[in-house]
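For the sequence shown, my numbering gives the first residue as -6, with consecutive numbering after it. Notes for the one structure printed next.
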Amino acid sequence: MGMYEYAAERYGAIGVDTEAVIKKLDAIPVSMHCWQGDDVLGFEGGGELTGGIQSTGNYPGRARTAEELRANMEKALRLIPGRTKVNLHAIYGDVKGVERNALEPKHFAAWVEWARDNNLGLDFNPTLFSHPKAGDGLTLAHPDEHIREFWIEHCKRCRRISAYFGRELGQPSVNNIWAADGFKDVPADTLTPRTRLAAALDDIFSEKLDKRYNIDAVESKLFGIGLESYTVGSHEFYMGYAVKNNLALCMDAGHFHPTEVISAKITAASLFVERLLLHVSRPVRWDSDHVILLDVELVAIAQEIIRNGLLDRVHIGLDYFDGSIDRITAWAVGMRNMRKALLIALLEPSDKLREAEHSFDFTKRLLVMEELKTMPWAAVWEEYCERDGVPANLVSGL
Ligand code: RNT
Ligand code: ZN
């Protein structure tokens, strides 16, 4: 008996159909963030990453053009099974010499063509950092109306570009707004910037776009480097804003207090917001954006989505940028880990676990959960990869 047949039998014995699991897993879209490929620099021609985020390391091979980035992503995609989307930032189009408040779909036509050729969906993000007009640490919440207007216009255009992706590719594109706006030191007025941000967002979202093509998301944050004392778009701000305006709430794994985890927030938020967008990341001591590992929290994130039937309302995207290792491997490892976590979650006999819990049989719940950890899920993973035409294991020997 082969490894997979053995695994199928073991899972079959606890009521889990591995064939159905493989099918389901393959159809879950996971969005691969383009910015791991070039340390979040983009192609405007400037050279500095600002906004309180940082990519460290100088491993050779950073993509310098969209062509290089796409070629590198193609290499990574050959190692990644399943349905994939690519998540773009506004600075990644054919944008040399184009101001951000002048962006149009045509600046992203090459990406759309490439996505279509490679059977990929696209997602999008306005870029509210790495720009002279973000130099004060404030953008959408800036006291200067002209600066605010500039960024509002940028975001409006990005929503239209996102809708263009959705229309062209026949699947919704998630457009996620994240602004670093905040203060390095103790603020005297925390309310006024939040009032301005809310008004700017109202303006941005005033144009109604078809949700079949564009899904609007907003991303909160705890703090950034150089913006340690106050963030305008905090969790409470965006949770409230998303609930009030029927938007998707983006929760980034690195944007909360160090002992908080986003896995613990998913079902609670799901009761009050239409959709969630996850920025799956790995903070180490701060929002350091390390490559995601197959760790307890990653599996917990997948379990919360799968166990609670939230696949249709939770969009999974990755968000990390490590410049100290091979960037193609960084993509492949993170994307594979996300899918491995989803597989582990899908291979649970979740009905039986629920039954045990509902009848207060916590002994059974504990026993099954613990035994599941050493069930042969890796054999199912390898079979899945082989069927998808990607390597089952990236290390064939040392
Ligand atoms: C920053 C946010 C944001 C960015 C990307 C590049 O802390 O996580 O999502 O990482 O938009
Ligand atoms: Zn993020």
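Glycine included, each C-beta is placed from N, C-alpha and C at the ideal position. If you're wondering where the values come from, they're calculated on a predicted model, not measured in any experiment.
W28 Cβ short of 7 Å to the ligand RNT heavy atom set: yes
Spatial neighbours of L190 in its chain, beta-carbon cut-off 8 Å, leaving aside the 5 residues before and after: L133, A134, A172, D174, V225, G226 and F230
The ligand ZN heavy atom lying under 7 Å from the CB of H308: no
Straight-line gap, N112 to S24 (C-alpha atoms, nearest Å): 13 Å
Any non-hydrogen atom of the ligand ZN closer than 7 Å to W171 Cβ: yes
beta-carbon M212 near the ligand RNT non-hydrogen atom, thresh 7 Å: Per the sequence presented here, residue 212 reads as Glu, with Met not at that position. Yes - the ligand RNT has a heavy atom lying nearer than 7 Å to the Cβ of E212.
Sub-8 Å separation of H248 and L271 beta-carbons: no
Under the three-state DSSP convention, the category L113 falls into: coil
Environment of R93 [buried if 16+ CB atoms lie within 10 Å]: buried
Selected residue, minimal CA-CA separation from N51, among A349, P251, G316 and R358: G316
Whether F314 touches D280 by CB criterion (8 Å): no
Complete runs of the alpha helix (DSSP H) confined to the segment 53 to 138 [at least 4 residues]: 59 to 70 and 102 to 110
Any non-hydrogen atom of the ligand RNT closer than 7 Å to I46 Cβ: yes
Beta strand (DSSP E) segments (min. 3 residues) lying fully within the segment 242 to 330: 268 to 273, 275 to 277, 279 to 283 and 307 to 311
Residue range of the unbroken beta strand (DSSP E) whose run includes A1: From DSSP, A1 is part of no beta strand (DSSP E) but of the alpha helix (DSSP H) over M(-4) to A6.
Near the ligand RNT: H147 beta-carbon under 7 Å from a heavy atom: no
Spatially closest choice to E67 from K237, V383 and A262, by CA coordinates: V383
Proximity test, N118 beta-carbon vs the ligand RNT heavy atom, cut-off 7 Å: yes
Residue nearest to A295 in terms of C-alpha spacing, selected from S343, H26 and P136: S343
L346 in three-state terms, based on DSSP: helix
First through last residue of the beta strand (DSSP E) which encompasses L20: Residue 20 is actually Ala in this sequence, not Leu. It is not in any beta strand (DSSP E) - A20 instead sits in the alpha helix (DSSP H) that spans T11 to A20.
Ranges of the beta strand (DSSP E) found wholly within the segment 126 to 201, counting only runs of at least 3: 166 to 170
R63 and L96 closer than 8 Å at C-beta: no
CB contact flag (A241, E267, <8 Å): yes
Residues of its chain near I255, where Cβ-Cβ distance is below 6 Å and the 5 sequence neighbours each way are ignored: M244 and A246
Span of the beta strand (DSSP E) around N207: N207 to E212
M25, enclosing alpha helix (DSSP H) - first and last residue: M25 -> not in any alpha helix (DSSP H); beta strand (DSSP E) instead, spanning V23 to H26.
N- and C-terminal bounds of the alpha helix (DSSP H) containing T356: F355 to L365
Three-state secondary structure assigned by DSSP to L335: helix
Same chain, Cβ closer than 6 Å to I84, five either side skipped, listed in chain order: G35, E37 and T120
8 Å Cβ cutoff met for L335 and I21: yes
Cα-Cα separation, F355 to K126: 56 Å
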